[in-house]
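In my numbering, the protein residues as written are 4 to 82. The structure under discussion appears below in the form of structure tokens.
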């Protein structure tokens, strides 16, 4: 009878430990999901910023090209 009580206590302790580990795993999962969501939002913001920077680069590249063409025309007229 004593062995059965001891076995029951061990099983109860094992169950409580398993529940604690499951709760910790669930908490870790939630934290990881929150971090993932935060990083996704940050990524979207950075992608928008990159797109804006690329558009700005295109604009200035076109302006540079136009200025170089005008300079070449001016140099040809000057000679």
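In this text, a Cβ means the ideal position worked out from N, Cα and C, and glycines have one as well.
In this structure, DSSP gives residue 82 a state outside helix and strand, which the three-state scheme calls coil. Rounded to whole angstroms, the separation of the alpha carbons of residue 25 and residue 9 is 24 Å. Distance from the CA atom of residue 52 to the CA atom of residue 46, rounded to whole angstroms, is 10 Å. For the pair residue 30 and residue 56, the Cα-to-Cα distance works out to about 39 Å. Note on geometry: alpha-carbon atoms of residue 42 and residue 48 lie some 10 Å from one another.
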